[in-house]
Amino acid sequence: MATGKINVSVENIFPLIKKFLYSDHEIFLRELISNATDATLKLKHLTAIGEAKVEYGNPQIEVKVDKENKKIHIIDQGIGMTEDEVKKYINEVAFSGAEEFLDKYKDAGKDAGIIGHFGLGFYSAFMVADKVEIVTKSFKDEPGVHWTCDGSPEFTLASSKKEERGTEIILHVAEDSTEFLEDSKIRELLVKYNKFMPIPIKFGTKTETLPKPEGAKEEDPAPTQEVDDIINNPTPAWTKQPSDLKDEDYKSFYRELYPMQFEEPLFNIHLNVDYPFNLTGILYFPKLTNDLNIQKDRIQLYQNQVFVTDNVEGIVPEFLTMLRGVIDSPDIPLNVSRSYLQADGAVKKISSYITRKVADKLSSLFKNNREDFEQKWNDIKVVIEYGMLSEDKFFEKADKFALYPTVDGNFYTFEELETKIKDNQTDKDDKLVILYASDKEAQHSYIEAAKAKGFEVLLLDSPIVSHLMQKLETSKENISFARVDADHLDNLIKKEDTAISKLSDEEKERLKEDLEKVVQEKGYTIQMEAMDSDASPFIITEPEFMRRMKEMQQTGGGGMFGMGNMPEM
Ligand code: ADP
Ligand code: MG
0 MATGKINVSV
10 ENIFPLIKKF
20 LYSDHEIFLR
30 ELISNATDAT
40 LKLKHLTAIG
50 EAKVEYGNPQ
60 IEVKVDKENK
70 KIHIIDQGIG
80 MTEDEVKKYI
90 NEVAFSGAEE
100 FLDKYKDAGK
110 DAGIIGHFGL
120 GFYSAFMVAD
130 KVEIVTKSFK
140 DEPGVHWTCD
150 GSPEFTLASS
160 KKEERGTEII
170 LHVAEDSTEF
180 LEDSKIRELL
190 VKYNKFMPIP
200 IKFGTKTETL
210 PKPEGAKEED
220 PAPTQEVDDI
230 INNPTPAWTK
240 QPSDLKDEDY
250 KSFYRELYPM
260 QFEEPLFNIH
270 LNVDYPFNLT
280 GILYFPKLTN
290 DLNIQKDRIQ
300 LYQNQVFVTD
310 NVEGIVPEFL
320 TMLRGVIDSP
330 DIPLNVSRSY
340 LQADGAVKKI
350 SSYITRKVAD
360 KLSSLFKNNR
370 EDFEQKWNDI
380 KVVIEYGMLS
390 EDKFFEKADK
400 FALYPTVDGN
410 FYTFEELETK
420 IKDNQTDKDD
430 KLVILYASDK
440 EAQHSYIEAA
450 KAKGFEVLLL
460 DSPIVSHLMQ
470 KLETSKENIS
480 FARVDADHLD
490 NLIKKEDTAI
500 SKLSDEEKER
510 LKEDLEKVVQ
520 EKGYTIQMEA
530 MDSDASPFII
540 TEPEFMRRMK
550 EMQQTGGGGM
560 FGMGNMPEM
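Numbering (numbering that gives the first Met the number 0) for the sequence shown: 0 to 568.
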């Protein structure tokens, strides 16, 4: 047996690791299982290219909790390490990673954003253990190795009788970390971080019910057997080719991702790109209306099938954070702060790629099945409208498929709407006036009056629509929106009056004067045109700009669209 000293400048590095990573102790398991996975995949590769002349077989990773002896075991059947490799990779390489981490973030204090995503690797074991053992045997024909370290820079190295290839990590769980000796806690962590990792992970056994044998009686219990409890799905849908997946596969993967979600997704977008960056994933458009899980069931970010975070702010454009699903990319730098992320070139490219894919998908849904798209419109409009407001690139594309429903249940694209109304809904300056209602019931008589004149009335009731109208008015030439109860109706050139007033012009004028005395001081005007329809005797209107000012003040003004301004859903 040999002892040695890890070459460190900081004597008590382990207490420091512990302190800095306080809030994220649980990532030790993710790190150790990642290492076990890497070691297994390396062996797979080496056997595939003929470099390792051993049987690859069906390797597993096993996690065992020994509560009585306060130990956790993580066992793999990967490449293992020789004595020289332990010296190199554990004593030098792994350690330098830990040291570099401390160097960099000593002053960062508790910036969880940085710390949580730093791959501290092997030494994160010391966040929960006061002693760590490695028992390992390389696939090369060399004796096994036993490394022990109690958290001080000293370690011991001895040979081991281990026969099977692979590595076993033994954590002697520290007094303040005994929560990790609970099966339920470990299971929770495995499900959170390792649910989709590529090598099967065994945690205990479970009872499986077998089919009853032929001729069994009704009351005979079905036979059971104990089988390995594999907690992960090593080949999740997003790692497969879209051509190999059916609609039902996407739906069942959605249920796998969000077991508590009972609503089916509306449609999905399979992301798959390997140049100029590497990214795979599946995004789902959920039914947002009445969704109580909007905050909880979020897009999950993975790195090579290892869960990293479900806070994708900065990576996915803000308007798409309402979607669900998975993004997996080895190219997203995870060990940096949010502000750095936003400036990172790769991240920017990823963000605009995702935006483009979403726009393309919506566009093809619109083209291929318009009827279906119209039916889904109510559920997807908030995302689309919000995207049109916040991303100009998205606006350009969405302008071709964004829909404007009418009070009568028709859906027009902007272009269709323009064509429809250009001959009879212009004002004296030849500006196109788009009439809309925001509340079918409350504005009923105004709607009827406008329809009686042959005008089209849209029904725009989504919470951010006044911002969108503003955007359309500035990005398109010569159009303006006016709510049906605004004072515009009088100025519109109309086809023909469809009803005949029962009052003479003079009588109308007198009535108007009288009424105006009552409402003028409040900024309203009286409009007698409606008398020409049967709907109502006259209508009281408010200038469009005044009403909109009030409304925009309520929904957070025309300024930046922070999430804080997002409408409640
Ligand atoms: P990283 O995984 O980023 O390389 P770690 O600190 O997690 O850094 O691990 C350091 C090194 O130790 C690995 O690169 C690998 O060579 C070796 N190692 C760790 N765990 C295992 C394992 N289970 N099997 C084989 N080698 C391992
Ligand atoms: Mg590692």
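Glycine is no exception: its CB is placed at the ideal position from the N, C-alpha and C atoms.
Given the structure is predicted, the values throughout are model-derived calculations rather than measurements.
A distance of 8 Å or more separates the beta carbons of Val357 and Gly313. Runs of the alpha helix (DSSP H) lying entirely within the segment 256 to 310, each at least 4 residues long, are absent. The beta carbon of Arg29 sits closer than 6 Å to those of Tyr192, all from its chain and outside the five residues before and after it, given in chain order. Between the beta-carbon of Pro316 and that of Glu417 there is about 28 Å, and that puts the pair past the 8 Å contact cut. For Lys366, the uninterrupted alpha helix (DSSP H) run begins and ends at 344 to 367, by DSSP. In the displayed model, Ser33 falls within a helix according to three-state DSSP. Within the chosen limit of 7 Å, the ligand MG reaches the beta carbon of Gly120 through at least one heavy atom. The C-alpha of Asn68 is placed about 27 Å away from the C-alpha of Lys194.
The residues Leu265, in chain order, have a CB closer than 7 Å to that of Lys375 in the same chain once the five nearest residues on each side in sequence are set aside. Listed in chain order, the non-local C-beta contacts of Tyr88 below 8 Å within the same chain comprise Met80, local neighbours out to five positions each way being set aside.
Counted as a single uninterrupted DSSP element, the stretch harbouring Gln469 is not any beta strand (DSSP E) but the alpha helix (DSSP H) occupying residues 464 to 474.
DSSP places Ala441 outside any alpha helix (DSSP H), giving it a letter other than H or E. Assignment of beta-bridge partners to Gln224 by DSSP yields Glu207. In the three-state reduction of the DSSP assignment, Ser479 falls in the strand class. Here DSSP, grouped into helix, strand and coil, assigns Arg323 to strand. Glu132 carries a strand assignment under DSSP once its states are collapsed to helix, strand and coil.
Here the segment 300 to 309 makes no contact with the segment 385 to 404; the two share fewer than three CB pairs at distances below 8 Å.
Excluding sequence positions up to five before and after Met468, its CB lies within less than 7 Å of the CB of Phe480, all in the same chain and listed in chain order. A straight line joining the alpha-carbon of Asn271 with that of Pro222 spans about 44 Å. Contact between Ala436 and Val406 is confirmed by a C-beta separation of about 6 Å, below the 8 Å threshold. Leaving aside the five residues that flank Ser176 on each side, the residues in its chain whose CB is nearer than 6 Å to its CB run, in chain order, Val127.
Scanning Leu388, Ser251, Asp429, Ser242 for the CA closest to the CA of Ser474 turns up Leu388. Its chain contains Ile71, Val127, Val172, Ile185 as the residues whose beta carbon lies nearer than 7 Å to that of Phe179, once the 5 sequence neighbours on both sides are disregarded; these appear in chain order. The bridge partners DSSP lists for Thr166 are Thr135.
By the criterion of at least three beta-carbon pairs nearer than 8 Å, the segment 271 to 284 is in contact with the segment 323 to 331.
Not a single heavy atom of the ligand MG lies less than 7 Å from the C-beta of Glu84.
Within the chosen limit of 7 Å, the ligand MG reaches the beta carbon of Asn34 through at least one heavy atom. Residue range 70 to 75 is occupied by the beta strand (DSSP E) that includes Ile74.
A residue is called buried when at least 16 other Cβ atoms come within 10 angstroms of its Cβ; Gln519 does not meet this threshold and is exposed. At a Cβ-Cβ threshold of 8 Å, Ile353 and Ile331 do not count as neighbours. Between the ligand MG and Glu54, a heavy atom-to-CB distance of less than 7 Å is absent.
Where Val64 is concerned, the enclosing beta strand (DSSP E) starts and stops at 60 to 65.
The beta carbon of Ile379 sits closer than 7 Å to those of Leu265, Phe284, all from its chain and outside the five residues before and after it, given in chain order. Residue side-chain check: Asp23 keeps its Cβ at 7 Å or more from all non-hydrogen atoms of the ligand ADP.
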